[in-house]
Amino acid sequence: MPHRDSLSREFLPYDFSSSSVEPSESLAYRYNNSDYEKLKREHSRLRDEHAYLQGRMCEVYRELKEIKSELNELRQDYIKLHSHNKYINHENEVLRAEINNLKSQISSQDDADVKSSESESNDNDNRPGKKRKSRDVKLINQTTILKLTKKMLEFVRDRQILHFTRFEYPSYESFINYYRLK
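In the UniProt record's numbering, the protein residues as written are 1 to 182.
Right, dumping it as structure tokens:
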């Protein structure tokens, strides 16, 4: 390291001759031989321990890197699943709205069928020997319900087949079993 000459105020190169490092043989003469051997063994042990710890640090860093990559993959999977979940929730809301719409159509059609059958039965009640056709009205209503339910299931199937095949979700049958009308 350069030092400053106080007289000339110029930087001069550092002189290493006055503070030279003594070779290891001179250490052996300075200490008795047993102390030198102890220090040498201790130095060797510390060097080996240092090498082991450096190797262990490399292993730990490699494991940490693998864990970080796994965490990153899990984070990406979570993001994908979260977006798929949002999409499915939106589709479910749309399907629930369609189901409610079809149910209201069924109930309004049932009400209309009941009113028309009541008016027909009132007209027919005045004639002798005529019976009410309330059983036929129930059959008509059940037939209408079956037709609308079939249309609704076809609608759900058409909408959901694309959805399930695109994201590899359960089959159409499991979807229908899950959303079966109560």
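Glycine is no exception: its CB is placed at the ideal position from the N, C-alpha and C atoms. Predicted model only: the values in this text are computed from it and were never measured.
- Across the structure, S69 and L153 are spaced so that their CA atoms are roughly 44 Å apart.
- CA-CA distance, S83 to K65, rounds to 27 Å.
- Note that the C-beta distance between T149 and L102 is below 9 Å.
- Excluding residues up to 5 positions away in sequence, nothing lies with its Cβ nearer than 8 Å to the Cβ of E42 in the same chain.
- When the Cα atoms are used, D111 and K151 turn out to be separated by approximately 20 Å.
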